[in-house]
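Enquirer: Everything in the sequence shown is counted per numbering that gives the first Met the number 0, starting at 0 for the first residue and increasing by one.
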Amino acid sequence: MNWGMKNRISRIIKPKSGHCVMLAVDHGYFQGPTTGLSNLGRTVEPLLPYADALMITRGAIRNWIDPAVDIPIILRVSGGQSVLKELSNEIITTCIDDAIRINATAITCSVYVGGEFEKETIQNLSKLVDDGEEYGIPVLAVTAVGKDMVRDARYLALASRICVEIGAHIVKTYYTEDFGKVVEACRNVPVVIAGGKKLPEMDALKMAFNAVSDGAVGVDMGRNIFQSDSPVGMIRAVRAIVHENKTVDEAYAIYNQTKS
Ligand code: 5RP
């Protein structure tokens with residue numbers, strides 16, 4: 000791995016703890032004005048001091064994020080479909096030149112293993128890895144789960160390992176029972192979890208805790224932070240688990256204190 004690639008990864012996965020809290024706000028690329036992100040700039044602004052990286056599209060960043068912001072950007076560069084149609088039918092929407100213009104620290108796309116357009120999404124990842132290797136920009140692969148997929152460890156290990164074999168530098172997947180098997184399938188490649196649909200805060204914190212205990216380097220969480228009744232409380236609580244080894248109860252207390 001070249002120096003630039005290592006440097007960019009260490010801006011996201013903090014060398015001090017070996018962990019990271021990514022804030023995902025890229026949902027609009029296939030969901031439109033997602034609950035909590037209608038005014039994306041206003042939602043994100045108070046959360047930035049607590050996030051290690053921001054996962055976002057180029058349209059959102061250009062329109063609603065101050066270019067003077069000091070946070071690594073994980074640029075969502077795939078899309079082309081919507082919730083109204085087949086989700087796996089993705090293309091690369093943003094070329095590497097534009098990612099460099101934006102000063103992206105990493106680029107990201109989804110891979111739909113088992114989906115109708117499985118091969119095309121693996122091709123997308125492959126192209127990003129070729130471009131990323133050329134310019135020293137790491138690629139985060141998202142194991143997106145189509146409607147019919149069972150989110151168990153066997154499936155997620157299969158999907159995650161394929162992303163690793165194609166060359167992803169970080170894998171984002173879902174938490175499941177036996178999550179250690181998913182991490183093991185990726186060997187030395189860092190794994191983060193998505194939060195998924197909004198859960199009660201305590202459950203989301205338990206999920207983050209279990210994922211990190213099972214070997215994830217952290218989270219790339221969206222809805223369970225920005226749809227919370229205290230988004231700042233939630234991201235601070237998640238951060239305490241991911242970076243400071245706090246228990247779920249300690250983290251929940253941070254959420255409650257911040258909320259009140
Ligand atoms: C969609 C994504 C989203 O960024 C991610 O799933 C959002 O995070 P969350 O599930 O925590 O809202 O990668 O494919």
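From the three backbone atoms N, C-alpha and C, an ideal C-beta is built for every residue, glycine too. Since we're looking at a predicted model, the values are computed, not measured.
At 3 residues or longer, and completely inside the region 93-167: list those beta strand (DSSP E) runs for me, N to C.
Expert: Here the runs fully enclosed are 105-110, 138-142.
Enquirer: In this structure, what does DSSP give as the bridge partners for GLY55?
Expert: For clarity, residue 55 is Ile in the given sequence; the question names Gly instead. Answer is LEU74.
Enquirer: So who's on the other strand from ASP219, going by DSSP bridges?
Expert: MET21, ALA193, per the DSSP bridge assignment.
Enquirer: With ILE64 as the anchor, note down where its alpha helix (DSSP H) starts and where it stops.
Expert: No alpha helix (DSSP H) holds ILE64; DSSP gives it neither H nor E.
Enquirer: Mind checking whether the beta-carbon of MET4 lies closer than 6 angstroms to any heavy atom of the ligand 5RP?
Expert: No.
Enquirer: Hey, quick one: how far does the alpha helix (DSSP H) through LYS5 stretch, first residue to last?
Expert: It spans 2-11 - the alpha helix (DSSP H) in which LYS5 sits, taken as one unbroken run.
Enquirer: Tell me the rounded alpha-carbon separation between THR56 and SER109.
Expert: Each residue's alpha carbon lies about 13 angstroms from the other.
Enquirer: Starting from LYS171, follow its DSSP beta bridges and name the residues at the other end.
Expert: In the DSSP output, where bridge partners are listed per residue, LYS171 has VAL141, VAL191.
Enquirer: In terms of alpha-carbon separation, which member of MET54, ALA203, SER81, THR257 lies closest to MET21?
Expert: Among MET54, ALA203, SER81, THR257, the Cα nearest to that of MET21 is on MET54.
Enquirer: Tell me, please, which residues DSSP counts as bridged to ILE91.
Expert: In the DSSP output, where bridge partners are listed per residue, ILE91 has SER77.
Enquirer: Distance check for SER77 and ALA98, CA to CA, integer angstroms please.
Expert: Each residue's alpha carbon lies about 12 angstroms from the other.
Enquirer: Based on Cα-Cα distance, which residue from SER37, CYS185, ALA143 lies nearest to GLU115?
Expert: Considering only alpha carbons, the answer is ALA143.
Enquirer: Let me make sure I understand the geometry here. Which of HIS18, GLY17, ILE60 has the alpha-carbon closest to that of ASN38?
Expert: The residue with the shortest Cα to Cα distance from ASN38 is ILE60.
Enquirer: Taking the alpha-carbon of ARG222 as reference, which of ALA52, GLN122, LYS5, THR34 has the nearest alpha-carbon?
Expert: For the residues ALA52, GLN122, LYS5, THR34, the minimum Cα distance to ARG222 belongs to THR34.
Enquirer: Does the beta-carbon of THR172 have 16 or more other beta-carbons within 10 angstroms, so that it is buried, or is it exposed?
Expert: That one is buried.
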